[in-house]
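The next block holds one structure in the form of structure tokens; read it before the comments.
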Amino acid sequence: MQVLQVQLEVGPDPAEVGRARRWARSRLAGSGIGDDEPLAETLVLLISELVTNAVVHTGCPAVLRMLFGPGAAEAGTVRVEVADSCARPPRPRRAAGEDTSGRGLELVDGLADRWGWKHEGAGKSIWCEVDRCAAPHPPLPSPTAPVTPVIPSPSGLTPGAYTA
Numbered sequence: 002m003q004v005l006q007v008q009l010e011v012g013p014d015p016a017e018v019g020r021a022r023r024w025a026r027s028r029l030a031g032s033g034i035g036d037d038e039p040l041a042e043t044l045v046l047l048i049s050e051l052v053t054n055a056v057v058h059t060g061c062p063a064v065l066r067m068l069f070g071p072g073a074a075e076a077g078t079v080r081v082e083v084a085d086s087c088a089r090p091p092r093p094r095r096a097a098g099e100d101t102s103g104r105g106l107e108l109v110d111g112l113a114d115r116w117g118w119k120h121e122g123a124g125k126s127i128w129c130e131v132d133r134c135a136a137p138h139p140p141l142p143s144p145t146a147p148v149t150p151v152i153p154s155p156s157g158l159t160p161g162a163y164t165a
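Each residue of the sequence shown is one higher than the one before, starting from 2 at the first, in the working numbering.
Spelled out as structure tokens, the structure:
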């Protein structure tokens, strides 16, 4: 099993978050995940949250890693890791209505298929994984079967559909 790993060193400056997003977009495109795909947007948001947490809450440099499993462009798993030198474990918080922070790990929990953290050296690594699974196409109706239209919900989303 071959895994492609790319990494970026991130300085302890909030401006580095934008650089990490740009870098991630270019690496995703290079792996065959188009910039216009929902998966790319989800991964960039996850990267933005994890890098922001590392930079803002630790004040330390960090390393952003993306790992592309076999077939990542078709149906594999993409893993994002952000390692820093602070040993304090991540602390999920519940943001109140008008709070401007405190939602990062909640977003990660909602968007990633899996996430967690582990000790790494003198610090820690927070990781998340997103599976890229091609949704099966529904069978075509037979010519004699009545066609039932799909009516989107008021939000524009098909009930039960996952969007990022």
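Ideal Cβ positions, reconstructed from N, Cα and C, are used throughout, including at glycine.
To the nearest angstrom, how far is the alpha carbon of Leu106 from that of Arg80? 16 Å
Which residue wins for smallest C-alpha separation from Arg66, given the options Val4, Arg133, Asp132? Val4
For Val57, which residues from the same chain have a beta carbon less than 7 Å from its beta carbon, with the 5 sequence-adjacent residues on both sides left out? Pro15
Any idea if Glu82 is buried or exposed, counting beta-carbon neighbours within 10 angstroms, 16 or more meaning buried? buried
Name the residue from Gly98, Cys134, Pro62, Asn54 whose alpha carbon lies nearest to the alpha carbon of Trp128. Asn54
Start and end of the beta strand (DSSP E) containing Val83? 78-85
For a test of the three-state rule: what should DSSP assign to Gly98, helix, strand or coil? coil
What first and last residue would you give for the beta strand (DSSP E) that runs through Glu38? Careful: Glu38 lies outside any beta strand (DSSP E) and carries neither H nor E.
Span separating the alpha-carbon of Ala30 from that of Leu47: 16 Å
Under a Cβ-count criterion, where at least 16 other Cβ atoms within 10 Å of its own Cβ denotes burial, should Asp114 be classed as buried or exposed? exposed
For Pro91 and Trp118, believed in contact at Cβ under 8 Å, the rounded distance: 6 Å
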